[in-house]
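Presented below is the structure to which this report refers.
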Amino acid sequence: MASMPHLSQLQRDYKDKDVTVIAMTRRDPNNSLQQVKQMVEDKGDGMDYTVAFDQESTTYANFMDAAKKRGIPTCFLVDKSSKIAWIGHPANADIPIAKVVEGSWDYEKGPAMMQAINKARMAIYTASAPEPQKALELLVKFKADYPLAARGMDELHFSILARLPAHKVEAAKLGRKLVDEAIAAENPMALNSFAWNLVDPEASLENRFLDLAMLAADKANEFTDEKDGAILDTVARVYFWKGNLKKAIEIQRRAVETAIGPMKPQLRKALEEYEKALGKKRAS
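Numbering (our numbering), first residue to last: 139 to 422.
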């Protein structure tokens, strides 16, 4: 889910360069063809790339099993000669795609280069919560050293700044820029991701910028006609943080009703949390 905005942007960037982004999913007890079709329809431009359904897991066997990969999402970059140029996480695909398209990808040294870049990137993610100041310094250096690889890291940049009291103004400015760009692109997935990162109960933030989170979540909800369970869940969580428990419960009930598959129990658990909080508030 988190890779959707990035994959959509990659497809838009390379639509005129003979690049096709395909998201492959396969059948399992919690993932039917009808569910996938419904999700694609609900996401709209939020999934601005091709989606394929691996009914018999043939493609999974030919790629994931053959490469001995288990974690998802996993990206396989296939060149014009049908040769696999690179295997990795979609978030790291910018440099390999750019170099394969321009014909400068080094099939021997490229993977090692990407491992080094990924190691530097992971150091930033690892430090982002416990050591945000260190993460900020690493990120500034990473952007200078690998500008193409740093594409799409502005949201991480914002989350790091949000953990640093001295950078509150800078964080607010960057956050508003991210939200405005996502609104202009009518990208509900990016808006929802931004808002959720601010209200995620497990996130340790100095400032949650709840007004900005509400703007992002509301626009995401508007773009999806208030029919996306995950986005409704985010809207409800913003109201919860703002202290409007009745509204949080109202929205979360709609989220539970709208959700499909394994998401529904998770959303129901959040609803119970809100109802319990309201009960305690009334009792006091």
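C-beta atoms are modelled at their ideal positions from N, C-alpha and C, and glycine is treated no differently.
{"Query": "So what's tryptophan 224 in DSSP terms, helix, strand or just coil?", "Result": "strand"}
{"Query": "Just the Cα atoms here: how many angstroms apart are valine 394 and glycine 182?", "Result": "21 Å"}
{"Query": "Pick helix, strand or coil for leucine 215, following the three-state DSSP scheme.", "Result": "strand"}
{"Query": "Which two residues bound the contiguous alpha helix (DSSP H) that contains aspartate 318?", "Result": "306 to 322"}
{"Query": "So within the stretch 141 to 172, which uninterrupted alpha helix (DSSP H) runs reach at least 4 residues, ignoring any that extend past its ends?", "Result": "142 to 151"}
{"Query": "What are the uninterrupted segments assigned as alpha helix (DSSP H) that are 4 or more residues long and contained completely in the stretch 324 to 378, given in chain order?", "Result": "326 to 337 and 348 to 361"}
{"Query": "Roughly how many angstroms separate the alpha carbons of valine 174 and phenylalanine 191, rounded to a whole number?", "Result": "8 Å"}
{"Query": "Is aspartate 366 near alanine 358, with beta carbons less than 9 Å apart?", "Result": "yes"}
{"Query": "Does the distance from the C-beta atom of leucine 316 to that of proline 270 stay below 9 Å?", "Result": "no"}
{"Query": "Give me the Cα-Cα distance between alanine 320 and asparagine 330, rounded to the nearest whole angstrom.", "Result": "10 Å"}
{"Query": "Could you give the residue range of the alpha helix (DSSP H) that holds aspartate 283?", "Result": "270 to 283"}
{"Query": "Rounded to the nearest angstrom, what separates alanine 355 and valine 373 at their Cα positions?", "Result": "5 Å"}
{"Query": "Evaluate alanine 205 with the Cβ neighbour count: other Cβ atoms within 10 Å of its Cβ, from every protein chain shown; 16 or more gives buried, anything less gives exposed.", "Result": "exposed"}
{"Query": "Just to confirm my understanding: we take isoleucine 160, look at its own chain, exclude 5 residues before and 5 after, and list those with CB closer than 8 Å. What are they?", "Result": "Tyr187, Thr188, Val189 and Ala190"}
{"Query": "Between threonine 362 and leucine 350, what straight-line distance do the alpha-carbon atoms span, to the nearest angstrom?", "Result": "19 Å"}
{"Query": "Taking three-plus beta-carbon pairs below 8 Å as touching, is the stretch 334 to 342 in contact with the stretch 147 to 155?", "Result": "no"}
{"Query": "According to DSSP, simplified to helix, strand and coil, what is aspartate 186?", "Result": "coil"}
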